[in-house]
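Single-structure report; data block below.
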Amino acid sequence: MSSNAEKIIVWGRRNSMNVQKVMWALGELNLDYQRNDMAGSFGVDDQYTAKNPNAVVPTIEDGELTLYESNACVRYLARQYGIGSLCPSDVKTAAIADQWMDWQCSTFVNGFFMIFLNKIRVPAAKSDPSQITKGEQQTAHLMNQLETRLEQNDYLAGETLTMADIPIGARATVGALVVVDLAAVFLNRALFFLAIEPPAHRSFGRPGLSPGFLHMLGLLK
Ligand SMILES: N[C@@H](CCC(=O)N[C@@H](CS)C(=O)NCC(=O)O)C(=O)O
């Protein structure tokens, strides 16, 4: 049962990792939405850039609110519809969740993007192996930070899944699924799904994966 009166509109192609963060949050909160393809092979039009002048996805609309930046969208959905669940009600715990969300888009993204760009986006002839190596080294180092955090807590902001887990979980998991070789980087115990499975079910694809995560994965088919 969804708890939003009006459908939330999501703009963005489903194979975008940043759109997937939003889809995960919507699934987790069981919200009613409509997703419209945009960007990538669908292109962007003037109507869209009027909503998001960066011409990237996602953008969401909820009533009179138009919002872009994927982590801001996840945070908004959590605050508006998930206080006490996706958004911790304790301000200090919410601040820790914010910290990990910002860490994903300011720190983790750099090495990850070097790998993604050179393995997926750039034609093989133009790919730079040294950038892949550098990205893998950076990513492995950062995954160790995650590892340490997740040795202390089941989830990034504590004992339950929160908005903190979505950006890094979507990036790392989908990245590892799409860029299969990347799995090698993630295969110490800080595996891509650690942040999203209850401790008792830490093996990929088993029952116990969060409903929002499964919702997101379903969209990849
Ligand atoms: N910081 C932005 C980055 C958004 C972004 O770069 N989105 C990519 C897709 S993951 C995009 O729209 N690329 C252009 C395209 O697909 O045409 C966010 O987190 O929302």
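Residue numbers (my numbering): 33 to 253.
Virtual Cβ for every residue (Gly too), placed ideally from N, Cα, C.
>> Below 7 Å, is the gap between the Cβ of Tyr100 and the nearest heavy atom of ligand 1?
In response: yes
> Where Cys105 and Asp78 are concerned, what is the direct C-alpha to C-alpha distance, given to the nearest angstrom?
Replying inline: 21 Å
> Beta carbon of Trp56, beta carbon of Ile200: below 8 Å?
Replying inline: It is not a contact, given that the beta carbons lie outside the stated cut-off.
> What residue from Arg46, Ala129, Asp69 has the CA that sits closest to Ala196's CA?
Replying inline: Ala129
> For Glu93, which of helix, strand or coil comes out of DSSP?
Replying inline: Strand at Glu93.
> Going by the beta-carbon positions, is the gap between Phe144 and Arg67 smaller than 8 Å?
Replying inline: No.
>> Here's the rule: buried if 16 or more other CB atoms are within 10 angstroms of the residue's CB, otherwise exposed. What is Val88?
In response: buried
> Within 10 angstroms of its Cβ, does Gly116 collect 16 or more other Cβ (buried), or is it exposed?
Replying inline: Counting Cβ neighbours within 10 Å, Gly116 comes out exposed, since fewer than 16 surround it.
> If we ignore side chains and look at the alpha-carbon of each, how far apart do Cys119 and Thr98 end up?
Replying inline: 20 Å
>> Quick check on DSSP: helix, strand or coil for Gly244?
In response: helix
> Is DSSP giving Leu193 helix, strand or coil here?
Replying inline: The answer is coil: DSSP assigns Leu193 none of H, G, I, E or B.
>> Between Glu179 and Ile147, how many whole angstroms is the CB-CB distance? I'm expecting something under 8 Å.
In response: No, Glu179 and Ile147 are not in contact; Cβ-Cβ is about 18 Å, not under 8 Å.
> Between Phe224 and Glu60, what straight-line distance do the alpha-carbon atoms span, to the nearest angstrom?
Replying inline: With a pLDDT of only 44 at Phe224, under the threshold of 50, the placement of this residue in the model should not be trusted; the figure read from the coordinates follows. One C-alpha to the other measures close to 18 Å.
>> Buried or exposed, going by whether 16 or more other CB atoms sit within 10 Å of the CB of Gln131?
In response: Here Gln131 is exposed, its C-beta having fewer than 16 other C-beta atoms within 10 Å.
>> What I want to know is whether the C-beta of Met49 ends up closer than 7 Å to one or more non-hydrogen atoms of ligand 1.
In response: yes
> Any heavy atom of ligand 1 closer than 7 Å to the Cβ of Pro90?
Replying inline: It does: the Cβ of Pro90 is within 7 Å (strictly closer) of some heavy atom of ligand 1.
> Where Gly114 and Asp122 are concerned, what is the direct C-alpha to C-alpha distance, given to the nearest angstrom?
Replying inline: Going from the Cα of Gly114 to the Cα of Asp122 covers about 13 Å.
> By the 10 Å Cβ neighbour count, where 16 or more other Cβ atoms means buried, how is Ala110 classified, buried or exposed?
Replying inline: buried
> Relative to the C-alpha of Gly44, which residue among Gly95, Ser35, Tyr65 is closest?
Replying inline: Tyr65
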